[in-house]
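Colleague:
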Amino acid sequence: MSAPYQAEALTYFGRMTAPPSAAYRDAFNWAVWRWKVLGVWPLIKGLWLLSADTAQAGLLSAINDTARDAVVLGVAPTFAALKGFSGFAAGKQLRFPITSAILGSDNVYAFMAGRVAGSAPGGDLVGGPTIPFIISDAGAAGDAGPSTPGHFTLRLAGVYGAGPGAPITRGITATLVGGTKGLLMVSGGTAAADNSGSVGPRSSNYVTRSIDDHPLARLCSYGFLDAAATAAQCRQFTSVLAMLLEQLGALD
30 MSAPYQAEAL
40 TYFGRMTAPP
50 SAAYRDAFNW
60 AVWRWKVLGV
70 WPLIKGLWLL
80 SADTAQAGLL
90 SAINDTARDA
100 VVLGVAPTFA
110 ALKGFSGFAA
120 GKQLRFPITS
130 AILGSDNVYA
140 FMAGRVAGSA
150 PGGDLVGGPT
160 IPFIISDAGA
170 AGDAGPSTPG
180 HFTLRLAGVY
190 GAGPGAPITR
200 GITATLVGGT
210 KGLLMVSGGT
220 AAADNSGSVG
230 PRSSNYVTRS
240 IDDHPLARLC
250 SYGFLDAAAT
260 AAQCRQFTSV
270 LAMLLEQLGA
280 LD
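The opening residue of the sequence shown carries number 30 in this note's numbering; numbering runs sequentially from there.
1) May I ask which residues mark the beginning and end of the alpha helix (DSSP H) holding Q35?
2) Do G143 and C249 have their CB atoms nearer than 8 Å?
3) Between the alpha carbons of L39 and F253, how many angstroms are there, rounded?
4) Scan the region 85-143 and note each continuous alpha helix (DSSP H) run of 4 residues or more that stays entirely inside, going in chain order.
5) Tell me, to the nearest whole angstrom, how far the beta carbon of V137 is from that of A256; I am working on the premise that it is less than 8 Å.
6) According to the neighbour-count rule (16 or more other Cβ atoms, all chains shown, within 10 Å of its Cβ), is G211 buried or exposed?
7) Once you ignore the five residues that flank A271 on each side, which residues in its own chain have a CB closer than 6 Å to its CB?
8) Indicate the three-state DSSP secondary structure (helix, strand or coil) for V236 in the structure shown.
9) Three or more C-beta pairs under 8 Å: does that hold for the region 58-75 against the region 122-142?
10) Quick test of your reading: G87 and F57, contact by CB under 8 Å. State the CB separation rounded to the nearest angstrom.
11) Can you give the beta carbon distance from L245 to F125, rounded, assuming they're within the 8 Å contact cut?
12) Tell me whether V104 is buried or exposed, calling it buried when 16 or more other Cβ atoms sit within 10 Å of its Cβ.
13) CB-CB under 6 Å to L273, same chain, minus the five flanking residues each way: which ones, in chain order?
14) Helix, strand or coil for V69? Go by DSSP, reduced to three states.
15) List the DSSP bridge partners of L205.
16) So is T198 buried or exposed if we call it buried at 16+ other beta carbons inside 10 Å?
17) On the three-state DSSP scale, how would you describe R231?
18) Could you compute how far the alpha carbon of D82 sits from the alpha carbon of Y53?
19) Confirm, please, whether the CB-CB distance from K112 to S80 is below 8 Å.
20) Indicate whether P161 and V228 have their beta-carbon atoms separated by less than 8 Å.
In structure tokens form, the structure reads like this:
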């Protein structure tokens with residue numbers, strides 16, 4: 030479906046050093062228009078679309094708060110146009126600068142989109158079946174703190190008791206679009222409560238973890254919705270994000 034050009038999209042495109050391709054321009058503009066129709070655009074606290082045409086564009090904050098542009102830590106991970114970043118490792122990281130004050134509440138909706146792939150339990154992947162792969166600067170590098178909003182963890186097959194704020198996938202390899210809001214787990218088209226566990230306090234300055242055997246095979250998007258977003262709005266936002274990425278072929 031075509032959509033009239035959105036001012037927010039045009040501002041975002043203008044920040045790119047190279048003009049966006051028609052595929053990216055139309056997909057993103059459609060998504061902004063749809064998010065505005067659904068009333069969720071004002072609720073976006075952070076949005077990074079790493080699956081842009083260039084690495085420079087992929088690091089931009091898509092909601093045009095320039096201070097929130099993502100930054101490379103060390104050497105840049107591998108970038109593929111309309112796919113995103115891969116090849117994360119120690120010294121090949123991305124940071125998403127956002128403060129706990131901006132997020133405003135521990136009940137924010139933290140989401141990501143991409144592909145994860147882990148080695149079998151007992152393999153060389155940080156010594157065990159639970160692997161945090163996006164954490165905050167203040168977050169623990171190990172298993173502690175997986176319930177912090179914005180943290181994401183891969184739990185490999187056969188591991189149960191996944192807590193809120195941590196995994197939205199179990200298995201060796203998965204493609205995912207979704208996240209958690211408090212005890213609510215959201216994916217494209219679904220939202221379901223997890224009545225166990227608890228939610229830790231939000232943090233800031235989220236980073237891809239510095240480990241060599243990294244389970245994050247590709248990162249296509251990352252961000253947050255305000256705590257005021259309802260379960261339905263989180264689900265609707267995520268469905269549009271998934272459609273945006275499908276239009277680009279980012280998840281293939």
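Just so it is clear, CB atoms sit at the ideal spot from N, CA and C, and this is done for glycine as well.
Modeller: So, from the listed chains and residues:
1) In the sequence shown, the residue the question calls residue 35 occupies position 6. It is not in any alpha helix (DSSP H) - Q35 carries neither H nor E in the DSSP assignment.
2) For the purposes of this step, residue 143 is taken as the residue at position 114 of the sequence shown. For the purposes of this step, residue 249 is taken as the residue at position 220 of the sequence shown. Yes.
3) Stepping through the sequence shown from its first residue, residue 39 is reached at position 10. Stepping through the sequence shown from its first residue, residue 253 is reached at position 224. Straight-line Cα distance between these residues: approximately 22 Å.
4) 129-132
5) The residue you call residue 137 lines up with position 108 of the sequence shown. The residue you call residue 256 lines up with position 227 of the sequence shown. Sure, about 5 Å apart at Cβ, within 8 Å.
6) Here residue 211 refers to the residue found at position 182 of the sequence shown. G211 is buried by the Cβ-count criterion.
7) As a position in the sequence shown, residue 271 is number 242, starting the count at 1. Contacts found: V206, G217.
8) Position 207 of the sequence shown, counting from 1, holds the residue named residue 236. Here DSSP, grouped into helix, strand and coil, assigns V236 to strand.
9) yes
10) Working through the sequence shown from its first residue, we reach residue 87 at position 58. Working through the sequence shown from its first residue, we reach residue 57 at position 28. Incorrect: roughly 12 Å between the Cβ atoms, too far for contact.
11) Start at 1 with the first residue of the sequence shown, and residue 245 comes out as number 216. Start at 1 with the first residue of the sequence shown, and residue 125 comes out as number 96. Contact doesn't hold; Cβ gap of about 13 Å is too wide.
12) What you label residue 104 is simply residue 75 of the sequence shown in a count that begins at 1. V104 should be labelled exposed.
13) The residue given as residue 273 occupies position 244 in the sequence shown. Only A56, A60 meet the Cβ criterion.
14) Here residue 69 corresponds to residue number 40 of the sequence shown, with the count starting at 1. In the displayed model, V69 falls within coil according to three-state DSSP, outside both helix and strand.
15) Counting from 1 along the sequence shown, the entry for residue 205 is found at position 176. BP columns for L205 point to G143.
16) If you number the sequence shown from 1, residue 198 lands on position 169. Low confidence applies to T198: its pLDDT is 41, below 50, so where it sits in the model is not reliable, and the reading given next is rough at best. T198 should be labelled buried.
17) Counting from 1 along the sequence shown, the entry for residue 231 is found at position 202. R231 falls in the coil class under three-state DSSP.
18) Reading the sequence shown from its first residue, position 53 is the one you call residue 82. Reading the sequence shown from its first residue, position 24 is the one you call residue 53. Taking the straight line from one Cα to the other gives about 7 Å.
19) On the sequence shown, residue 80 is found 51 positions in, with the first residue counted as 1. On the sequence shown, residue 112 is found 83 positions in, with the first residue counted as 1. Yes, the Cβ-Cβ distance between S80 and K112 is below 8 Å.
20) On the sequence shown, residue 161 is found 132 positions in, with the first residue counted as 1. On the sequence shown, residue 228 is found 199 positions in, with the first residue counted as 1. Taking 8 Å as the Cβ cut-off, P161 and V228 do not qualify as a contacting pair.
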